Structures are given as C-alpha cells and as structure tokens.
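When you line the sequence shown up against the numbering used here, it's residues 4 to 198, in that order.
Some notes on the structure that comes next.
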Amino acid sequence: MKICGDIHGQYYDLLRLFDHGGHPPHSNYLLLGDYVDRGKHSLETICLLLCYKVKYPANFFLLRGNHESASINKMYGFYDECKRRYSTKLWRTFTDCFNCLPIAAIVDDKIFCAHGGLSPELFDMEQINRVSRPTDVPDTGLLCDLLWSDPDRDIIGWGENDRGVSFTFGEDIVRDFLASHDLDLICRAHQVTMR
C-alpha cells in the first residue's frame, strides 16, 4: 500500500507519482486528502482520482482532507477553477462528493491514517465510523480535528494550533494513542515534511 497526501491540483506530479509507484491496480494506494486548490489542475486531479476509485475500489482509497470542504476550497482556488472552466453547479457536485469521503483509515491493523492528526475527543475507533456522512466540516470536534490537527514536538499534551483551527498534540499524546489502540504508526499529511 502506497500512502500519499496533499496533491493540491498538481496533476503532472500525480502522474509522476503513479509512474514511480506503479499504476492501479498493480499498486494499491491510500491518498490522505487535499486533492484540490493551489495547483492549476485541480479538476484533472480529482477526476483522475475518482475514476481510479470507481474502476479499482479494492485497490484505491481516498480520504478527506481539509481542502475537501466548501468553505476552504471556495477561498483557495477550486471554486474559481470550476466556475471559470465549467460552472458553479459542478463545484456543488464535487462538494457533495467531498462531504461523503471517509476521514480515516487503518492499514494492516497497525497504521492509523488521517489527513490531519489526532483529536482529544477520540477515545474509540468506532467514533469515526459513527460520523454521519454526508457532512460539512464543523469548526470544532472530532471531524475537524482529524482534518486539521498538527503534531508539535515542543509541547506536552494538547496545545493551541497556530492555524486558528483544532489543536496541536505532543509526542506523549502519540505514544498514548498508539499504545491504547495497539497501533504502530500514525501516517498523516497536511504539512510539508522537513528534511
């Protein structure tokens, strides 16, 4: 399983990713959200991803990112791209689709995957299954946190997030979460990795 995140409308980068990692169904993929906005080819990007999901549902999985939200992608480019190239009706159709995307996955019973991170409201994995869909992203709570929270090595416990949304969480939170759910790893996107 190849796990990738934050394509952000970079269609040609997405094609290179498939060239490098293998095309479905020969390679299995889990994408962690943020398919649209910022890049110039959000429509091509999301259409290809959805086509792969329809064609290979057992090999290709899409999670929701914080940009798969009407309030965010209306500000960061996807709405304008849809309106300029097609119509606002198309944007609303994609919004309906985004509102149905799953928000987390567990790979091989050991790897917790979400776009953002953890939530102080997450005690039981069944809580994620109980999130009613379709749904918009609320300003607070479990769904918001799974899409918006960030780790912070400099804090212990939960902290304020500089983004103004959700929380940051320390290494102690990660260790406790992994131990209490018998997991080995948290895999997330949402931030540029530092080398």
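The beta carbon of each residue, even a glycine, is placed where N, CA and C say it ideally should be.
A quick note: this is a predicted structure, and the numbers were derived from the prediction, not measured.
What do you reckon, are the CB atoms on residue i and residue j nearer than 8 Å?
i	j	result
residue 118	residue 149	yes
residue 155	residue 173	yes
residue 66	residue 105	yes
residue 102	residue 138	yes
residue 100	residue 107	no
residue 76	residue 151	no
residue 185	residue 114	no
residue 88	residue 46	yes
residue 125	residue 93	no
residue 140	residue 72	yes
Go to residue i, then tell me how far its alpha helix (DSSP H) extends in each direction, as first and last residue.
i	result
residue 162	From DSSP, residue 162 is part of no alpha helix (DSSP H) but of the beta strand (DSSP E) over 161 to 163.
residue 171	That residue, residue 171, is in no alpha helix (DSSP H); its beta strand (DSSP E) goes 170 to 172.
In three-state DSSP terms, what is residue i?
i	result
residue 196	coil
residue 199	Outside the displayed range of the chain (4 to 198) lies residue 199, so it cannot be described from this structure.
residue 9	coil
residue 179	helix
residue 148	helix
residue 155	coil
residue 56	helix
residue 42	coil
Measure how close the beta-carbons of residue i and residue j come, nearest whole angstrom, since I'm counting them as under 8 Å.
i	j	result
residue 190	residue 6	5 Å
residue 12	residue 36	About 13 Å separates the two Cβ atoms, so there is no contact after all.
residue 32	residue 81	The Cβ separation is near 21 Å, so there is no contact.
residue 48	residue 38	6 Å
Assuming residue i is part of the beta strand (DSSP E), what are its boundary residues?
i	result
residue 188	188 to 190
Are the C-beta atoms of residue i and some chain D residue less than 8 Å apart?
i	result
residue 70	Of the chains in the structure shown, none is chain D; there is only one protein chain.
Run through the region 64 to 133 for me and flag every whole alpha helix (DSSP H) of 4 or more residues, listed as ranges in chain order.
73 to 76, 81 to 88, 91 to 101 and 129 to 132
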